[in-house]
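K.L.:
Residue numbers (our numbering): 312 to 404. Once you've had a glance at the structure underneath, I'll fire off some questions.
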């Protein structure tokens with residue numbers, strides 16, 4: 312889908328762990344192993360709402376400057392790149 316290459320080239324939808332899952336050593340939340348990006352479309356097929364499923368993009372943004380979690384920085388970069396692609400895609404389609 313063009314959302315994965317409209318600015319950054321992203322090979323697969325990133326699975327960003329919530330901070331609690333990160334501390335336990337896993338990237339998925341309870342019951343969700345595969346991350347998904349879903350959309351609610353308008354009558355013209357344009358995205359109105361994007362839904363991150365089984366991935367915690369918000370934690371990737373929220374903890375971007377948390378020096379006490381140095382291993383989390385790789386997830387922060389992935390979540391920001393995906394967010395930028397999502398914003399560019401919805402503003403241009």
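In this text, a Cβ means the ideal position worked out from N, Cα and C, and glycines have one as well. This structure is a prediction, so every number in the text was calculated from the model and none was measured.
Using 8 Å as the Cβ pair cut-off and three pairs as the minimum, do the stretch 317 to 328 and the stretch 342 to 354 touch?
P.N.:
Yes, they touch.
K.L.:
So within the stretch 348 to 378, which uninterrupted beta strand (DSSP E) runs reach at least 3 residues, ignoring any that extend past its ends?
P.N.:
Correct list: 358 to 364.
K.L.:
Grab me the residues of residue 317's own chain with a C-beta within less than 8 Å of its C-beta, minus the 5 sequence neighbours each way, in chain order.
P.N.:
On the chain shown, position 6 is the one that residue 317 refers to. Cβ neighbours of residue 317 beyond the five flanking positions: 396, 399, 400, 403.
K.L.:
So for residue 327, helix, strand or coil by DSSP?
P.N.:
Numbered from its first residue, the chain shown carries residue 327 at position 16. Here residue 327 sits in coil by DSSP.
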